[in-house]
Amino acid sequence: MFTDVPTPEEMACCDAEALALGFPEDALMENAACAAMACLRRRIPSCACGLRGMRVLLLAGGGNNGGDAFCMARHFYDAGALPAVVLSRPPAAGGAAARWLDVLRRMPVPIVPAGEWLGGTAQLLDGMRPDLIVDGLMGTGLRGQLRETECRIIRKALEWKRLGAHVFAIDIPSGMNGMSGRPSPIALAADATAAFHAPKPGLLMPDAAAFTGILEVCSIGMPRAAAARARASFRTWLLPDQERSAASGSWLVCRGAASPGSGDDLLARSACAAPAPSHKGEAGKVLVIGGCRAYAGAPCLSALGAFRAGAGLVTVAGPDPVPAALRAACPAAISAVLPDQSGGKGWLASDADVLLPAMLRADAVVLGPGLGRGGEEERLVELLVSAPERPPMVIDADALFAMGRRPEALRHLQAGDILTPHPGEAAALLGSSSREVQADRTGALLRLTGLCPSVCVLKGEGTLIGRRGEASVISPWRVPQLAVAGSGDVLSGIAAALLAQHRDAVEAAAIAVWTHALAGMRIAPSFPMRGNTPQDIADAVPHALAAACA
């Protein structure tokens, strides 16, 4: 099951829609505080047995996160804790946060301005270090860099954390960008974070885990009608146990430590949606086009990935020495012999004459692994992608670099194609650098989908999958075992096998990315310090994809 991942702006629209329906903002804020208190008790061990006598320092800003902190301070006081609030700036008059602050001021809870606290003119908690810091300083709407005051507050809180205080973040760790998951320029690293209603894209980026700690998504009673009106630009998928938890009001975000059995259940349901084929020709025919003298093994790994993902027939077309490598690495694949017209130099554009008939016999094509880079290869790629009535393609590796050199070829791409660039290949398509792509991965995906109607898979930690006009998919996984040469070739073969089974390209890409990640997780116990090969990843694919169908 997919679940929405709204951007910070879309989440603000969702809040506005709830207010337009007549839902009180004060109620949403109180619901958020109650959900955060429940999450706190579940995720911070020292809070599980009760809060009485606990010294709690709440950092509050002037936005809605500050309002949540004001409500939580009241709950801490009612539970017998010793709360105190540091206020970086007052909330806007007349808003829900200001109203909850007025309620808190009527209670014996110390509230001091941040300047006094930072300057040492106001002591809190009798000058003793806090047991718990609640971070309601900044919300998901942070733009640009933090102001110096907030940076100083965060640095002081981090000093308390190093002395043993636990940190709990409301909705998002202060200083984290809600889209990229990166600090701006610093962020308050939490032991646990309660994200309200839905995770924001930045929270799902694997690097964000260092700041979020345990990340739990909590329901705050957002009206369904409001969420439906505020369409989300991103999605992520839920494991079956996450689905069950979500139905109860909260679910944990996993980044690689998920139960393999749960993942198998999810993929098996998808894989078994249609009757299993009884003949190899019905299981999908995949053609892999690639390889050169330096990278003869790349198309062989794509062929292996396609077989492991259920393709019935796989053919590999490539110049010498690809056929010899194929016989050694994947003898079940068929080798399409190309006439050597280049004198051993590799591909020629005229090879399209041999490849086009083979393409028309296939259900899906992988184009690019180990193809090589040169003018002949660029022209060949353009001829193949522009072929009339061709099957859907997975375009990878050197074929992507060819398109970066010949952007006019992009106009021939179709909605059923899948592009699988890593950051360097994405940079070649976008005319930028890998550093720029990595600095704004969500923005890079949107620019990639603007180039063509195809599905784009921006590989790397936190893989993103998108197609123009549709909600993009975020894969939150961090799987070190996938960081090995040839891993991407296996992924392209998996995706092609799923395309050959006549799946929609977005579905095929999402399941391929998911299967690839789960396969990496499955082999992790055998290769805890990495050291695995791409063949090991491919060999784990059938178990990841169809364990329940065995």
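Per our numbering, the sequence shown starts with residue 308, numbered consecutively.
C-beta: ideal position from N, C-alpha, C; glycine also.
Quiz item: Would residue 497 pass as a contact of residue 520 if the rule is Cβ separation under 7 angstroms?
Solution: Residue 497 is a Cβ neighbour of residue 520, given a cutoff of 7 angstroms.
Quiz item: From residue 568 to residue 851, what does the alpha carbon distance come to, in whole angstroms?
Solution: Legend: pLDDT at residue 568 = 42, less than 50; position of this residue unreliable, no value from coordinates given.
Quiz item: Is it the case that the Cβ atoms of residue 676 and residue 767 are separated by a distance below 7 angstroms?
Solution: No. Outside cutoff.
Quiz prompt | Exposure label - residue 578; buried when at least 16 CB within 10 Å | solution = Since pLDDT at residue 578 reaches only 42, below the 50 mark, its modelled position is unreliable, and no value is offered.
Quiz item: Going by alpha carbons, who is nearest to residue 658 out of 690, 787, 333, 635?
Solution: The shortest CA-to-CA distance from residue 658 to any of 690, 787, 333, 635 is the one to 690.
Quiz item: Does the stretch 722–737 touch the stretch 478–496, meaning 3 or more C-beta pairs lie closer than 8 angstroms?
Solution: The stretch 478–496 makes no contact with the stretch 722–737: fewer than 3 CB pairs, one atom from each, lie closer than 8 angstroms.
Self-check item: Contact under 7 angstroms by Cβ, residue 511 with residue 783
Solution: Result yes, Cβ atoms of residue 511 and residue 783 sit closer than 7 angstroms.
Self-check item: Backbone CA spacing between residue 399 and residue 322 [nearest angstrom]
Solution: When rounded, the distance between both Cα atoms is 17 angstroms.
Quiz prompt | residue 503 versus residue 433 - alpha carbon distance | solution = Each residue's Cα considered, the two are about 33 angstroms apart.
Practice problem: List the endpoints of the continuous beta strand (DSSP E) containing residue 558. | Solution: Its beta strand (DSSP E) spans residues 557–559.
Quiz prompt | C-alpha distance - residue 499 paired with residue 347, whole-angstrom precision | solution = When rounded, the distance between both Cα atoms is 8 angstroms.
Quiz prompt | Alpha carbon of residue 679 to alpha carbon of residue 488, nearest angstrom | solution = When rounded, the distance between both Cα atoms is 35 angstroms.
Practice problem: Check whether the Cβ atoms of residue 765 and residue 733 sit closer than 7 angstroms, and answer yes or no. | Solution: Taking C-beta atoms as the reference points, residue 765 and residue 733 count as a pair closer than 7 angstroms.
Quiz item: Considering only residues of the same chain and omitting the five flanking positions on each side of residue 313, which have a CB-CB separation below 6 angstroms?
Solution: Contacts found: 505, 539.
Quiz item: Do residue 388 and residue 411 have their C-beta atoms closer together than 7 angstroms?
Solution: Going by beta carbons, residue 388 and residue 411 fall outside the 7 angstroms limit.
Exercise. Identify which residue in 777, 738, 807, 548 has its Cα closest to the Cα of residue 672.
Key: Closest by C-alpha distance to residue 672, out of 777, 738, 807, 548, is 807.
Self-check item: Through-space distance from residue 542 to residue 311, alpha-carbon basis
Solution: Spanning the alpha carbons of residue 311 and residue 542 requires a straight line of approximately 5 angstroms.
Exercise. Would you kindly check if the distance between the Cβ of residue 335 and the Cβ of residue 533 is under 7 angstroms?
Key: Their beta carbons are not under 7 angstroms apart, which means residue 533 does not touch residue 335 by this criterion.
Exercise. Under the assumption that residue 441 contacts residue 363 (Cβ atoms under 8 angstroms), give the Cβ distance between them as a whole number of angstroms.
Key: About 6 angstroms separates the two Cβ atoms, so the contact holds.
Quiz prompt | Range of the contiguous alpha helix (DSSP H) that encloses residue 640 | solution = In the DSSP assignment, residue 640 falls outside any alpha helix (DSSP H) and carries neither an H nor an E.
Practice problem: Could you check if residue 318 is buried or exposed, using at least 16 other CB atoms within 10 Å of its CB as the buried criterion? | Solution: Answer is buried; the Cβ neighbour count reaches 16.
Quiz item: Under three-state DSSP, which class holds residue 624?
Solution: The answer is strand: DSSP assigns residue 624 an E or B state.
Practice problem: Check whether the Cβ atoms of residue 407 and residue 377 lie closer than 7 angstroms to each other. | Solution: Taking 7 angstroms as the Cβ cut-off, residue 407 and residue 377 qualify as a contacting pair.
Quiz item: For residue 440, which residues does DSSP report across the bridge?
Solution: Looking at the DSSP assignment, residue 440 forms a beta bridge with 364, 474.
Quiz item: When burial is assigned at 16 or more other CB atoms within 10 Å of the CB, is residue 644 buried or exposed?
Solution: Flag for residue 644 reads exposed.
Quiz item: Nearest to residue 779 by CA position, among 792, 797, 787, 750, is which residue?
Solution: The shortest Cα separation from residue 779 among 792, 797, 787, 750 belongs to 750.
Self-check item: Run of the beta strand (DSSP E) containing residue 700, from where it starts to where it stops
Solution: Per DSSP, residue 700 belongs to the beta strand (DSSP E) from 700–702.
Practice problem: State the beta-bridge partners of residue 502 as determined by DSSP. | Solution: Answer by DSSP bridge pairing, in chain order: 524.
Exercise. Could you pull out every residue in the same chain whose Cβ sits closer than 6 angstroms to the Cβ of residue 595, ignoring the five residues on either side in sequence?
Key: Sequence-distant Cβ neighbours of residue 595 in its own chain, meaning closer than 6 angstroms and more than five residues away, are 606, 609, 610, 623, 673.
Practice problem: Please classify residue 339: is it buried, with 16 or more other beta-carbons within 10 angstroms of its beta-carbon, or exposed? | Solution: Classification for residue 339: buried.
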